[in-house]
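Colleague: Please find one structure pasted underneath; my questions will follow.
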Amino acid sequence: MFIQKDLTKIKSSLSDNVGHKVRLTAKKGRKQTVTREGVIESTYPSIFIIKLNTPNDSGSSERRVSYSYTDVLTRTVELIICDPDDTEKDA
58 MFIQKDLTKI KSSLSDNVGH KVRLTAKKGR KQTVTREGVI ESTYPSIFII KLNTPNDSGS
118 SERRVSYSYT DVLTRTVELI ICDPDDTEKD A
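Going letter by letter, the sequence shown gives residues 58 to 148 in my numbering.
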């Protein structure tokens with residue numbers, strides 16, 4: 058019961074912040090983490106998509122990553138939503 062309420066809260070928080078800049082920290086395994094910045098591009102019933110800010114190399118395409126809401130719940134992925142006035146808040 059509590060998990061469903063938590064997932065609903067995470068979904069609504071991310072849906073409300075579509076188009077906002079975020080700082081993403083994802084665990085890759087065995088004490089490895091990666092931190093990137095991007096924009097929440099869209100949300101779906103089971104996943105959300107983040108468009109990453111990557112340096113423009115010749116011939117490179119935009120990079121998008123998708124995560125499930127349970128990744129946020131289990132803290133495999135941590136998001137910090139950046140406000141337009143450069144203050145940060147946790148998702």
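Yeah, the Cβ is synthetic: ideal placement off N, Cα and C, and Gly gets one too.
The structure displayed is predicted, hence computed values, not measured ones.
Does the Cβ-Cβ distance between Gly-95 and Asn-74 come in under 7 Å?
Modeller: Here residue 95 refers to the residue found at position 38 when the sequence shown is read from its first residue. Here residue 74 refers to the residue found at position 17 when the sequence shown is read from its first residue. Going by C-beta atoms, Gly-95 is not nearer than 7 Å to Asn-74.
Colleague: Considering only the alpha carbon of each residue, which of Arg-132, Val-129, Thr-131, Ile-107 lies closest to Arg-120?
Modeller: To locate residue 120, count along the sequence shown from 1; it is residue 63. Of Arg-132, Val-129, Thr-131, Ile-107, the residue nearest in Cα terms is Ile-107.
Colleague: What's the gap between the Cα of Ser-125 and the Cα of Ile-104?
Modeller: Locating residue 125 in the sequence shown gives position 68, counting from the first residue. Locating residue 104 in the sequence shown gives position 47, counting from the first residue. If you take the alpha carbons of Ser-125 and Ile-104, they lie about 4 Å apart.
Colleague: Is it buried or exposed for Ile-97, if we count other Cβ within 10 angstroms and need 16 for buried?
Modeller: Within the sequence shown, numbered from 1, the residue matching residue 97 stands at position 40. Classification for Ile-97: buried.
Colleague: Which residues share a DSSP beta bridge with Ile-107?
Modeller: Looking up residue 107 in the sequence shown gives position 50. Ile-97, Val-122, per the DSSP bridge assignment.
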